[in-house]
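Novice: Residue numbers (our numbering), protein chains in the order written: chain C, 431 to 790; chain Z, 431 to 790. Using N, Cα and C, we set each Cβ at its ideal position, and we do this for glycine too. The structure follows.
2 protein chains.
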Amino acid sequence: MSAVTELSPVGDDVRLGDLGEHAILEHILRPRYGGVRGFGDDCAVLDAEDGLRGDLVATTDSCPTPLVTILGETDPYHAGWLLATINLSDLAAAGATPLGLVVNYTLPKTTTAGEFRRLLDGVDDCTKKHGTKVVGGDLRDGPVRQLTATAIGRCVPDGRLGRLGAEAGDRLLLVGSPGYLWSYALLVEQQARLSDSVVAEIRERACKPMAQVAAGNALATAGLARAAMDVSDGLFPTVRTLCGANGLGARITTAIQLDEPLADVCAQSGLGRFELAQAWGDWTLVVAVRPEDVGLAKKTLDGEGVAAQEIGVLVPREEGISLDDGEPWEGIAQERFSPSSWHGGELPRLITEVLGKRAS
Amino acid sequence: MSAVTELSPVGDDVRLGDLGEHAILEHILRPRYGGVRGFGDDCAVLDAEDGLRGDLVATTDSCPTPLVTILGETDPYHAGWLLATINLSDLAAAGATPLGLVVNYTLPKTTTAGEFRRLLDGVDDCTKKHGTKVVGGDLRDGPVRQLTATAIGRCVPDGRLGRLGAEAGDRLLLVGSPGYLWSYALLVEQQARLSDSVVAEIRERACKPMAQVAAGNALATAGLARAAMDVSDGLFPTVRTLCGANGLGARITTAIQLDEPLADVCAQSGLGRFELAQAWGDWTLVVAVRPEDVGLAKKTLDGEGVAAQEIGVLVPREEGISLDDGEPWEGIAQERFSPSSWHGGELPRLITEVLGKRAS
């Protein structure tokens, strides 16, 4: 045992499930790895030393059971697509261009060739959309399906984005279109009804979310982003983490814009737009931008065909994280190693847990 | 579904467990990924395009239950060490220098902080031994412990090693010292007895195997290796795969040298030395070397403090894979997605399966 372990206030007998992700990070991982470049960022940084222009970054994530699977979309394609998306989204938050994905599949022996092919189709289609591909991997059998991938990317010279670097006064941009995944859940749960064609489009975007790789790269290349993080666990924990990393607070607007069909879903299901926009699953980015750069950043993103909206401003830490009415923001945060950790489950309960709303 | 899928002779309803790893590779993965640079090699190759001297490679592997855990060494340290070793061994086979490891842990919530720290200690100690470190990762809770890592490395310019490149007449070198892990199993099973201090040393090497990173890198730098592969599933499948990739056969000597205490274990337990040397778990490399380079290769490895011995010669395919008595070699091969796939289990049965010997 290292000295670090002895210094830690967390005893060896404590269970990780009683600590929660945040305490695990602070008390076990930070003392050990806090000195590693990029610690706490979505991507790790590799010291490639010579020659390479721009940092080499890597990120690894496992794929949980996709929400759409619980919504009846049992085609393994969606898990494959999501696996690639989750990892590419971390590259997006670093402003990196993907160099490739290595995949690691543990599959039960009872998996059929057809199911396996669909899984691969999902990964391959998603990586192709982002101009990259699977370059290697590992496959083994095991009792439980476990899908893991590692995405490797390269940043523009001096342009790696991370959680650090924001200052009070910076504006927060939400990059991408929130609300598609959980709107689809509300539609499946029949809390709202829309025309078949609109539902089909929402379903498509829920099943095949796009990581904001091009957007992150464009902002990094233009030097317009000071800090960035992807919304993997919801808007509130993302903003809270960005604030925490930079020793800042934030004032967030509740007047978040949703695409029109999603606003319809909110109206019909009695859910606030801000509540829907807080949910995870759309792989948006939160980016801190200097006030004078907001216009150019939006224009740059518009050029990439990506929606972006200002959702608030970073403020001194003492002001805390509040909403535009001045009330403290206590959003819903899914935390790993806690009762809120995502493991799928019954849809009505999920909707309540994630959207903070009783299913009707 | 792609055209590739339609061409494949394996129907969608076939289960992976009825195909086995080899058929999955040939009928599902090769049609899809066969054109990717480095397909079939231990490491994937990333196209970093500009600047970087030498190929950038990545490899990913999950860690099964270590054999030593079944042998009573339940400290999670050993799983951590093994996780790093498995991945670094693939870099070794590419002749690459590690740039870093990203780790991906799924752990039950009941895991204690102490167990988690020991796991991290194992990974960190092993990476440190090889001059590298964990640069990032992901942690989530789940019902079953699943440990995955990705190692990223850089090859010497024009010096990436892979399975391809060997020719008939090349000698096969076994790099490293085989037999430690399964000797320890035989000692635990009391099929042999040695002094406490010797047992302790064998136990140490079984619990903390060293990937041949320095050796692989030294051979690649010196341009002495034509092809290489690590012995992750046993000597026979390694030689068979190397032969298959190059369209060659091999003649292998049964007179493999073991370190003296391991020869003792063989003698006491009635196991042939060649049988013990065929087992997996010691993370040796098999390297194809031009006949005229054998001396220099051995000397180079000796300089690294790594044992190496000539174990055979590559021959034209028609001659098949045989032993020095001319008989075909039908070694024991553990194949994933087959009944032989490694999942731990009862020790006497394991010894029979892996060493091809009835437990007494």
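For F704 of chain C and chain Z, any beta-carbon pair shorter than 8 Å?
Specialist: Not closer than 8 Å to any Cβ of chain Z, the Cβ of F704 of chain C fails to qualify, so no.
Novice: Pull out every residue of the stretch 551 to 582 of chain Z whose Cβ sits closer than 9 Å to any Cβ of chain C, in chain order.
Specialist: If the cut-off is 9 Å between Cβ atoms, the stretch 551 to 582 of chain Z has D551, D554, K563, V564, V565, G566, G567, D568, L569, R570, D571, G572, P573, V574, Q576, T578, A579, T580, I582 near chain C.
Novice: For R779 of chain Z, count the other beta carbons within 10 Å of its own beta carbon; 16 or more makes it buried, fewer makes it exposed. Which is it?
Specialist: When all chains shown are included, R779 of chain Z counts as exposed.
Novice: Does DSSP classify A789 of chain Z as helix, strand or coil?
Specialist: Only weak support is given to the placement of A789 of chain Z: the predicted model assigns it a pLDDT of 38, under 50, and the value that follows is read from those uncertain coordinates. A789 of chain Z falls in the coil class under three-state DSSP.
Novice: Within the continuous alpha helix (DSSP H) that includes P691 of chain C, where are the two ends?
Specialist: Note, P691 of chain C: alpha helix (DSSP H), 690 to 699.
Novice: What is the residue span of the alpha helix (DSSP H) that Q708 of chain Z lies within?
Specialist: Taken as a continuous stretch (DSSP letters only), the alpha helix (DSSP H) holding Q708 of chain Z covers 703 to 708.
Novice: Any beta carbon of chain Z sitting closer than 8 Å to that of T489 of chain C?
Specialist: Yes, contact with chain Z.
Novice: Return the residue from the list C:A474, C:L459, C:L616 that minimises the CA-CA distance to I802 of chain C.
Specialist: Outside the displayed span of chain C (431 to 790) sits residue 802 of chain C, for which this structure offers no information.
Novice: Rounded to whole angstroms, what's the CA-CA distance from T527 of chain C to I516 of chain C? Just pull it up for me.
Specialist: Using only the alpha carbons, I get a separation of about 15 Å.
Novice: Does the beta-carbon of T489 of chain Z have 16 or more other beta-carbons within 10 angstroms, so that it is buried, or is it exposed?
Specialist: The residue in question, T489 of chain Z, is buried, as its Cβ has 16 or more Cβ neighbours within 10 Å.
Novice: Is any beta-carbon of chain C found at less than 8 Å from that of Y507 of chain Z?
Specialist: No - not a single Cβ of chain C is within 8 Å of the one on Y507 of chain Z.
Novice: For a test of the three-state rule: what should DSSP assign to P746 of chain C, helix, strand or coil?
Specialist: Three-state result, P746 of chain C: strand.
Novice: Can you find the residues in the same chain that come closer than 7 Å, C-beta to C-beta, to G447 of chain Z, ignoring five residues on each side of it along the sequence?
Specialist: So the qualifying residues of the chain are F767.
Novice: To the nearest whole angstrom, what separates the beta carbons of A579 of chain Z and A514 of chain Z, a pair I think is in contact under 8 Å?
Specialist: Yes, they are in contact, since the Cβ atoms of A579 of chain Z and A514 of chain Z sit about 7 Å apart, within 8 Å.
Novice: In its own chain, which residues sit with a C-beta less than 7 Å from the C-beta of L455 of chain Z, not counting the 5 before and 5 after it?
Specialist: Cβ within range, chain order: n/a, list empty.
Novice: Measuring alpha carbon to alpha carbon, tell me which of C:V618, C:G677, C:E503 ends up nearest R747 of chain C.
Specialist: When each option's Cα is compared against that of R747 of chain C, the closest is C:G677.
Novice: In chain Z, which residues lie less than 8 Å from C473 of chain C when you measure between Cβ atoms?
Specialist: G566, listed in chain order.
Novice: If you measure between the beta carbons of D723 of chain Z and C585 of chain Z, is that distance less than 8 Å?
Specialist: Not a contact, by the Cβ cut-off of 8 Å.
Novice: Is it the case that the Cβ atoms of L603 of chain C and A650 of chain C are separated by a distance below 8 Å?
Specialist: No.
Novice: Using a Cβ-Cβ distance under 8 Å, would G447 of chain Z count as near chain C?
Specialist: At least one chain C Cβ lies under 8 Å of G447 of chain Z.
Novice: T542 of chain C versus chain Z: which residues are under 8 Å apart at the beta carbon?
Specialist: Neighbours of T542 of chain C on chain Z, chain order: D442, D443, V444, R445, L446.
Novice: If you draw a straight line from the alpha carbon of L665 of chain C to that of G674 of chain C, how long is it in whole angstroms?
Specialist: Going by the C-alpha atoms only, they are around 14 Å apart.
Novice: Can you tell me where the alpha helix (DSSP H) with L604 of chain Z in it begins and where it stops?
Specialist: Looking at the DSSP string, L604 of chain Z is not in any alpha helix (DSSP H); the run it does join, the beta strand (DSSP E), is 601 to 605.
Novice: Smallest Cα separation from D554 of chain Z: which of Z:W511, Z:A581, Z:A523?
Specialist: Per the Cα distances, Z:W511.
Novice: Assign C473 of chain C to one of three DSSP states: helix, strand, or coil.
Specialist: Looking at C473 of chain C - three-state DSSP - the assignment turns out to be coil, as it is neither helix nor strand.
Novice: Do L744 of chain C and A596 of chain C have their CB atoms nearer than 8 Å?
Specialist: A contact, by the Cβ cut-off of 8 Å.
Novice: Give a yes or no on whether 8 Å exceeds the smallest Cβ distance from G775 of chain Z to chain C.
Specialist: Output row for G775 of chain Z: interface = no.
Novice: What number of angstroms, rounded off, separates the C-alpha of C696 of chain Z from the C-alpha of E631 of chain Z?
Specialist: So the two alpha carbons sit approximately 17 Å from each other.
Novice: Per the contact definition of three or more C-beta pairs closer than 8 Å, is the stretch 465 to 474 of chain C in contact with the stretch 559 to 567 of chain Z?
Specialist: Verdict: yes, contact present.
Novice: List, in chain order, every chain C residue whose beta-carbon is nearer than 7 Å to that of D663 of chain Z.
Specialist: Neighbours of D663 of chain Z on chain C: none; closest Cβ ~11 Å, over 7 Å.
Novice: If you follow the beta strand (DSSP E) that R584 of chain Z is in, where does it begin and where does it stop?
Specialist: Per DSSP, R584 of chain Z belongs to the beta strand (DSSP E) from 576 to 584.
Novice: Look up L529 of chain Z in the DSSP assignment and say whether it is helix, strand or coil.
Specialist: Strand, per DSSP.
Novice: What does a CB cutoff of less than 8 Å around V434 of chain C pick up in its chain, not counting 5 residues either side in sequence?
Specialist: Confidence in V434 of chain C is poor, its pLDDT being 42 and thus under 50, which makes the residue's placement unreliable; the coordinate value appears in the next sentence. The answer, listed in chain order, is P461, R462.
Novice: Smallest Cα separation from A645 of chain Z: which of Z:G756, Z:R670, Z:G679, Z:V736?
Specialist: Checked all of Z:G756, Z:R670, Z:G679, Z:V736; the closest Cα to A645 of chain Z is Z:V736.
Novice: Whole angstroms is fine: what's the gap from P608 of chain C's alpha carbon to T683 of chain C's?
Specialist: Using only the alpha carbons, I get a separation of about 15 Å.
Novice: Would you kindly report the start and end of the unbroken alpha helix (DSSP H) that includes T668 of chain Z?
Specialist: T668 of chain Z -> alpha helix (DSSP H) spans 665 to 676.
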